[in-house]
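Input: a single structure, listed below in structure tokens.
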Amino acid sequence: MEELLRQAPGLAVWDLYAQPVDRHQQFASGPVAAEMVDRFTRPAPGGSPRYTAVWPVLAGWEREVGDEHALELTAAASAVVDANLALAYQATAGDLRRNVDLRIDDSWQQGGIWRAQTLPVDAVLADCDPLTPAGLGHLEHLLPGAAKRTGSASPRQTDSVVHVEHLDEALLVVSVALSEADLSAGRLPLPDAVPSLLGKGPLTLEVHHSGQLLDRDLARQHTQRGPGGLGSVNWPDSFYPGIKVNVAAARSGRQLIVTTTLLPDPVRVGDALLAWCFDPVLLAEGWGLLDIPPPPLSPGPPTHRPNGGGYRPPVTALEVLIVAALLRDGRVGTARSRSLDGQQLSAAMFGPDVVTPPLLWTVIHTCEDMAAAGLLTRTIVAHDGVLPEVFTWWPDTEEAREAQRIAVGADTAVRQIRHWRRPWERRLPDGHNATPAARARYAQWRIEVDGPDADTELPEGHTFVRGHRRGEGQAPAWHQHLHR
């Protein structure tokens, strides 16, 4: 729905709502929008974050102008959309106050809650989309000291390279290139704010080394919070300086998924053959190489594709983790394919106890987006009376490509068979009329749909075809309903 709205000309879109552009421009150029931008872009004293909600500001404006009907019914929704659109423009393309970061923190409560802070922001927010709700307000309210950390120390060359790939109110994804120091010390470096976004109590690392089966004590480890990240990590012996890992966790969850990524082809550096993605600078520093090895041809970031997920858009940073989970936990199928449905996949990645509906739909919509790009296939499989979508990864072999073509064709046929045909009136050849039985069924259907006062007379020259699923329980052929 959101993608259709964005493609429609003349609409300004916020979340799943849209406003005609010319109508929104009237609001954006008016005094209320100017006052809102001024108020919402003011940090708290000392430059720490200030959180401001849209609806109380609009309600206060309504009282000031004395118009008790200004925010009634659809006018209220229209005003909320206009206000958020004006703030979104300021956050992405407008002229903000000098050295101020403005971003949405919650798109639902109180019509939208926005966060303003003096730059620089913490590393956990530095590269995040300002229009993706970060969900930090509750945390910073509970831990006001965290809000005063407006930046982090400049990293040394030998520090691990940490990058927040995605942050919202349900999910956190971080990429880390591990330095020699962190490998030796058994650390997983993370931005300072990240551990506080996780659940209370002991944390568990699920380590998945692509292409290698790890011992149980390496694959699942208990870890401890420490300065600059997590400690007491036992990294596999095949890890080398600069190796890149992707880390994903559900917000408030206590399980972190750590996954390496295989290179398309191993890279030889000196006498070593390196199979996993790595940072060449950290590798050279860790091994004391005089020449920095050329950057490996690692799988590049996926090309931008239109969001197909509506309220919970797909997250590109999850794609490598989804493939890793399918390879690790998926059911083995034809040509060594791997399959799981959305709920099974989410539980395999984050644990069944923390898979909230927003997180589940984020995973499903990301899989759908990958299927649209040809990275996975999606099929519908009947199970206990429901039809969940199943996502399948296929190896790059001729056998798998042929099996994939057959599977996609079979799924298309199954969808056609299951397609529901609603009841309808079918026109008959000239000179034919419906049977009394068909007229009686039509009358019964009309009463069921429209009540006892419905018009139950079947139009002349038509018969009634009852509803059915295509391929099962078909009504008799048209000529069996007829009499002259």
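Numbered per the working numbering, the sequence shown spans residues -14 to 469.
Built from N, CA and C at the ideal position, the CB exists for glycine as well.
First through last residue of the beta strand (DSSP E) which encompasses residue i
| i | result |
| --- | --- |
| E374 | 374 to 378 |
| V85 | 85 to 91 |
| A38 | 35 to 38 |
| P115 | Taken as a continuous stretch (DSSP letters only), P115 belongs to no beta strand (DSSP E), as it is neither H nor E. |
| E150 | 146 to 152 |
Assigned exposure category for residue i - 16 Cβ within 10 Å defines buried
| i | result |
| --- | --- |
| N69 | buried |
| K229 | buried |
| W93 | exposed |
| L152 | buried |
| R172 | buried |
| L110 | buried |
| I391 | exposed |
| I432 | exposed |
| H9 | buried |
| A462 | Summary for A462: the model assigns pLDDT 39, below 50, so the residue's position carries little reliability, and this model does not support an answer. |
| Q197 | exposed |
| A439 | exposed |
| N231 | buried |
| P199 | Before going on, a small fix: residue 199 reads as Leu here, not Pro. With fewer than 16 Cβ atoms within 10 Å of its Cβ, L199 is classed as exposed. |
| P337 | exposed |
| T364 | buried |
| G315 | buried |
| G96 | buried |
| V437 | In the sequence under discussion, the amino acid at residue 437 is Pro, which differs from the Val named in the question. Exposed: under 16 other Cβ atoms inside 10 Å. |
| T347 | buried |
| L241 | buried |
| V147 | buried |
| A310 | buried |
| S160 | buried |
| L(-11) | exposed |
| A101 | buried |
| R48 | exposed |
| S14 | exposed |
| R35 | buried |
Delimiting residues of the alpha helix (DSSP H) encompassing residue i
| i | result |
| --- | --- |
| V17 | 16 to 25 |
| E313 | Looking at the sequence itself, residue 313 is Arg, so the reference to Glu does not match. Here the alpha helix (DSSP H) through R313 covers 304 to 314. |
| T351 | 342 to 357 |
| D167 | 165 to 170 |
| T59 | 59 to 77 |
| P265 | 265 to 272 |
| V300 | No alpha helix (DSSP H) contains V300, which DSSP labels as neither H nor E. |
| A13 | 6 to 13 |
Residue i in three-state terms, based on DSSP
| i | result |
| --- | --- |
| I391 | helix |
| L330 | helix |
| T319 | helix |
| S181 | helix |
| R451 | coil |
| L121 | coil |
| I432 | helix |
| V399 | Because V399 carries a pLDDT of 49, less than 50, the predicted location of this residue cannot be relied on, and the following value inherits that uncertainty. Correct three-state label for V399: helix. |
| L337 | The sequence as given places Pro at residue 337; Leu does not occur at that position. The answer is helix: DSSP assigns P337 an H, G or I state. |
| L275 | coil |
| V192 | strand |
| A(-7) | coil |
| E410 | strand |
heavy atom of the ligand GTP below 7 Å from residue i C-beta
| i | result |
| --- | --- |
| A204 | The model on display carries no ligand, and the ligand GTP is accordingly not part of it. |
Check your understanding: Unbroken beta strand (DSSP E) runs of length 3 or more, entirely within the region 194 to 256: which are they?
Key -> 205 to 211, 214 to 216, 229 to 235, 240 to 245, 247 to 254
Review point. Is it a yes or a no for the region 325 to 336 touching the region 164 to 182, going by three-plus beta-carbon pairs under 8 Å?
Key: no
Review point. Per the contact definition of three or more C-beta pairs closer than 8 Å, is the region 183 to 190 in contact with the region 256 to 273?
Key: no
Review point. Does the region 254 to 263 touch the region 207 to 217, meaning 3 or more C-beta pairs lie closer than 8 Å?
Key: no
Point to revise | Stretch-stretch touch, CB-based, cutoff 8 Å, three pairs: the region -4 to 7 with the region 61 to 68 | key: yes
Check your understanding: Is it a yes or a no for the region 416 to 429 touching the region 443 to 451, going by three-plus beta-carbon pairs under 8 Å?
Key -> yes
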